[in-house]
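S.K.: Residue numbers (this note's numbering), protein chains in the order written: chain L, -9 to 190; chain W, -9 to 190. Quick reminder that beta carbons are idealized off the backbone N, C-alpha and C, glycines included. All values reported here derive from a predicted model rather than from experimental measurement. I'd like to ask you about the structure that follows.
Protein chains: 2
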Amino acid sequence: MQIPKTIQKLIESFEKLPGVGPKTAQRLTFYLLHVPQTELDEFALSLSSLKKKTVICSICNMTDEVNPCTICKNSLRDKTTICVVEQPLDVLALEKNQRFKGLYHVLHGKIDPLNNIGPDEIFISSLLQRLKGKGVSEVILATNPTMEGEATAMYIAKQIKAKDLRVKITRIGRGLPVGADLEYADDITLQRAMEGRSQY
Amino acid sequence: MQIPKTIQKLIESFEKLPGVGPKTAQRLTFYLLHVPQTELDEFALSLSSLKKKTVICSICNMTDEVNPCTICKNSLRDKTTICVVEQPLDVLALEKNQRFKGLYHVLHGKIDPLNNIGPDEIFISSLLQRLKGKGVSEVILATNPTMEGEATAMYIAKQIKAKDLRVKITRIGRGLPVGADLEYADDITLQRAMEGRSQY
């Protein structure tokens, strides 16, 4: 027996999602067969309107429903500090504890030569443009502590220095995460933790 | 910053799927922001038409686009054997190797008293009805080898015997799966494997 076309199509749509294999896609699709039609319609509507109703902020490149985004528009935010992150999800992660009061700049990627992504493919030049305007005193480079993230941070720091912009450049702290075990930490994390030690 | 409503809605739809937590739902949603609109529309269409374009076969309860389903309609299938399974996905699994040539009967569940599912909640009576008609010589009980699956199989076997239907009742083979290791098999599987031994 062939899988019915209607079902097969949905399975294929699910399979395209990251981390969803053929078995999971089948399971999800057959699960949805038992879900009320109203819920399916709601899901479908959310999907088709996802991109139609969202825009990328022209200042910080964050995804939002308004432009400028709610963060850039908020007059209570500290406009002297810009935190540079790779993805919109990173902004949501940092916003969760509501400690950081500054603005963001989303690069929408990282410098990744193996995947043909150079500095011009991500929003670095618009960041430099923002820093040229007066009022920014610190830029926090919060790209991921991976090989590509570190390279991206280094590249941005170099560019800022080369352009002689008078702005403090900092890198987000790297070391042992809360709850970690020294015994199981990898070499480089331990090295970073030692380098990044602070006075008690 | 609050997550934009449009995005939050899609995240919530994903979260309702089995095995998808809040983090995965966020990841999938933000992944879809980079996907072409045509693909999103296709996904949405497949979702909303999933239930509209499928029916449950009035003979075997399999999900298909036609009624009776392609298996029940197929004149080449052996109508003397009926294989009883719990879910439509089980039919697809058995159909994959194209060895079994008989018909199916999908129960759409299993007897599960802890979740308030009794024999009347699943398609057992329609199975007995099918067996009353002439022409069926064997019924293969292929419910899962779990506690509930075994109980369901036992219940069906009892009902068939009680109704004095002249039909051979078999249970799908239970034992060690191909590639397994005796050393790591659990007690009950080993016991079943010994009981189900066959002559060489």
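From Ile107/W to Pro8/W, what does the alpha carbon distance come to, in whole angstroms?
M.R.: Numbered from its first residue, the second sequence carries residue 107/W at position 117. Numbered from its first residue, the second sequence carries residue 8/W at position 18. Between Ile107/W and Pro8/W, the C-alpha separation is close to 20 Å.
S.K.: Can you name the residues that DSSP bridges to Glu128/W?
M.R.: Counted from its first residue, the second sequence places residue 128/W at position 138. According to DSSP, Glu128/W bridges with Thr71/W and Lys158/W.
S.K.: Going by beta carbon distance, what residues of the same chain come within less than 7 Å of Ala143/L, once the five residues before and after it are set aside?
M.R.: To locate residue 143/L, count along the first sequence from 1; it is residue 153. Contacts found: Leu131, Thr133 and Arg161.
S.K.: Quick test of your reading: Leu97/W and Val75/W, contact by CB under 8 Å. State the CB separation rounded to the nearest angstrom.
M.R.: The residue given as residue 97/W occupies position 107 in the second sequence. The residue given as residue 75/W occupies position 85 in the second sequence. Here Leu97/W really is in contact with Val75/W; their C-beta atoms are around 7 Å apart, less than 8 Å.
S.K.: Over what stretch of residues does the beta strand (DSSP E) that includes Tyr94/L continue unbroken?
M.R.: For the purposes of this step, residue 94/L is identified with residue 104 of the first sequence, where counting begins at 1. Leu93 to Val96 is the extent of the beta strand (DSSP E) around Tyr94/L.
S.K.: So, are the CB atoms of Thr44/L and Glu55/L less than 7 Å apart?
M.R.: The residue labelled residue 44/L in the question sits at position 54 within the first sequence. The residue labelled residue 55/L in the question sits at position 65 within the first sequence. Against a cut-off of 7 Å, the Cβ pair of Glu55/L and Thr44/L comes out as a contact.
S.K.: Can you tell me the Cβ-Cβ gap for Leu79/W and Leu30/L, rounded? I've got them flagged as a contact below 8 Å.
M.R.: Taking the first residue of the second sequence as 1, we reach residue 79/W at position 89. Taking the first residue of the first sequence as 1, we reach residue 30/L at position 40. Not confirmed; about 18 Å, so no contact.
S.K.: Could you check where the alpha helix (DSSP H) with Arg17/W kicks off and where it finishes?
M.R.: Here residue 17/W corresponds to residue number 27 of the second sequence, with the count starting at 1. From DSSP, the alpha helix (DSSP H) with Arg17/W extends over Pro12 to Leu22.
S.K.: Applying the criterion that 16 or more other CB atoms from any shown protein chain within 10 Å of the CB defines a buried residue, is Met137/L buried or exposed?
M.R.: Walking along the first sequence from the start, residue 137/L turns up at place 147. Met137/L comes out exposed.
S.K.: Please state whether DSSP places Ile107/L in a helix, a strand or coil.
M.R.: For the purposes of this step, residue 107/L is identified with residue 117 of the first sequence, where counting begins at 1. Reduced to three states, the DSSP call for Ile107/L is strand.
S.K.: Kindly indicate which three-state DSSP category Thr136/W falls into: helix, strand or coil?
M.R.: Stepping through the second sequence from its first residue, residue 136/W is reached at position 146. Note: Thr136/W maps to coil in three-state DSSP.
S.K.: Do Ala183/L and Gly163/L count as a contact pair if the criterion is CB distance below 7 Å?
M.R.: Residue mapping note: residue 163/L aligns to position 173 of the first sequence, counting from 1. Residue mapping note: residue 183/L aligns to position 193 of the first sequence, counting from 1. No, the Cβ-Cβ distance between Gly163/L and Ala183/L is not below 7 Å.
S.K.: For the region 23 to 62 of chain W, which segments carrying the alpha helix (DSSP H) assignment without a break, of at least 4 residues, lie completely within its bounds, in sequence order?
M.R.: 27 to 39
S.K.: Tell me the DSSP secondary structure of Asp176/L in three-state form.
M.R.: Position 186 of the first sequence, counted from the start, is the residue given in the question as residue 176/L. DSSP places Asp176/L in coil when its eight states are reduced to three.
S.K.: Using a Cβ cut-off of 8 Å, pull out every chain L residue sitting near Ile61/W, in sequence order please.
M.R.: Here residue 61/W refers to the residue found at position 71 when the second sequence is read from its first residue. Neighbours of Ile61/W on chain L, chain order: Met(-9).
S.K.: Quick one: using the 10 Å Cβ neighbour count with 16 as the cut-off for buried, is Lys124/W buried or exposed?
M.R.: The count along the second sequence starts at 1 and reaches residue 124/W at position 134. Under this definition Lys124/W is an exposed residue.
S.K.: For Leu180/L, count the other beta carbons within 10 Å of its own beta carbon; 16 or more makes it buried, fewer makes it exposed. Which is it?
M.R.: In the first sequence, the residue the question calls residue 180/L occupies position 190. So Leu180/L counts as exposed.
S.K.: Please work out which residues of its chain come closer than 7 Å, Cβ to Cβ, to Tyr145/W, disregarding the five sequence neighbours upstream and downstream, and give them in chain order.
M.R.: Within the second sequence, residue 145/W is the residue found at index 155, counting from 1. Result list for Tyr145/W: Ile101 and Pro109, in chain order.
S.K.: Please confirm if Thr44/L has its CB atom under 7 Å from at least one CB of chain W.
M.R.: If you number the first sequence from 1, residue 44/L lands on position 54. Answer yes: the Cβ-Cβ gap between Thr44/L and chain W drops below 7 Å somewhere.
S.K.: Among all the DSSP beta bridges, which residues are the ones paired with Asp102/L?
M.R.: In the first sequence, the residue the question calls residue 102/L occupies position 112. Paired residues: Ile107/L.
S.K.: In angstroms, rounded to a whole number, what distance separates the CA positions of Ser188/W and Val168/W?
M.R.: As a first step, residue 188/W is located in the second sequence; it is residue number 198 there, counting from the start. As a first step, residue 168/W is located in the second sequence; it is residue number 178 there, counting from the start. For Ser188/W and Val168/W, the distance between alpha carbons rounds to 15 Å.
S.K.: Quick check on this structure: which residue in Leu118/W, Tyr190/W and Lys6/W has the alpha carbon closest to the alpha carbon of Lys151/W?
M.R.: Position 161 of the second sequence, counting from 1, holds the residue named residue 151/W. Of the residues Leu118/W, Tyr190/W and Lys6/W, the one whose Cα lies closest to the Cα of Lys151/W is Leu118/W.
S.K.: Can we say the region -7 to 3 of chain W touches the region 169 to 179 of chain L, given the rule of at least three CB pairs closer than 8 Å?
M.R.: The answer is no - the region 169 to 179 of chain L does not touch the region -7 to 3 of chain W, with fewer than three Cβ pairs under 8 Å.
S.K.: From Ser115/L to Cys50/L, what does the alpha carbon distance come to, in whole angstroms?
M.R.: Mapped onto the first sequence, residue 115/L falls at position 125. Mapped onto the first sequence, residue 50/L falls at position 60. Answer to the nearest angstrom: the Cα atoms are 12 Å apart.
S.K.: Do you know how far the Cα of Pro135/W is from the Cα of Leu93/W?
M.R.: Stepping through the second sequence from its first residue, residue 93/W is reached at position 103. Stepping through the second sequence from its first residue, residue 135/W is reached at position 145. Taking the straight line from one Cα to the other gives about 21 Å.
S.K.: Is it buried or exposed, Gly170/L, if we count other Cβ atoms within 10 angstroms and call 16 or more buried?
M.R.: By one-based count along the first sequence, residue 170/L stands at place 180. Per the sequence shown, the amino acid found at residue 170/L is Ala instead of Gly. With fewer than 16 other Cβ atoms within 10 Å, it is exposed.
S.K.: Name the residue from Pro12/L, Val129/L, Gln149/L and Gln16/L whose alpha carbon lies nearest to the alpha carbon of Ile72/L.
M.R.: Here residue 72/L refers to the residue found at position 82 when the first sequence is read from its first residue. Answer by Cα proximity: Val129/L.
S.K.: Would a C-beta distance cut-off of 7 Å place Ser38/L and Ala15/W closer than the cut-off?
M.R.: To locate residue 38/L, count along the first sequence from 1; it is residue 48. To locate residue 15/W, count along the second sequence from 1; it is residue 25. No. Outside cutoff.
S.K.: Kindly list, in the order they appear in chain W, the residues whose Cβ is closer than 9 Å to that of Asp110/L.
M.R.: On the first sequence, residue 110/L is found 120 positions in, with the first residue counted as 1. Within 9 Å Cβ-Cβ: nothing; Asp110/L doesn't reach chain W, min ~18 Å.
S.K.: Contact criterion: CB-CB distance below 7 Å. Does Glu85/W meet it with respect to chain L?
M.R.: Residue 85/W sits at position 95 when you count from the first residue of the second sequence. Yes, its Cβ sits closer than 7 Å to a Cβ of chain L.
S.K.: At a CB distance below 9 Å, what residues from the region 4 to 21 of chain L approach chain W? Give them in sequence order.
M.R.: Phe4, Lys6, Leu7, Pro8, Gly9, Val10, Thr14, Gln16, Arg17, Leu18, Thr19, Phe20 and Tyr21
S.K.: Just curious, the alpha helix (DSSP H) that Ile1/W is in, first and last residue?
M.R.: Reading the second sequence from its first residue, position 11 is the one you call residue 1/W. Going by DSSP, Ile1/W is part of the alpha helix (DSSP H) stretching over Lys(-5) to Glu5.
S.K.: Nearest chain L C-beta to Val(-6)/W closer than 7 Å, yes or no?
M.R.: Residue numbering aside, residue -6/W sits at position 4 when the second sequence is read from its first letter. First, the amino acid is wrong: residue -6/W is Pro here, not Val. Closer than 7 Å: yes.
S.K.: Mind checking Leu0/W: buried by the 16 CB within 10 Å criterion, or exposed?
M.R.: Residue mapping note: residue 0/W aligns to position 10 of the second sequence, counting from 1. Buried, by the Cβ-count rule.
S.K.: Is Ile150/W helix, strand or coil by DSSP?
M.R.: By 1-based counting over the second sequence, the position of residue 150/W is 160. It is helical.
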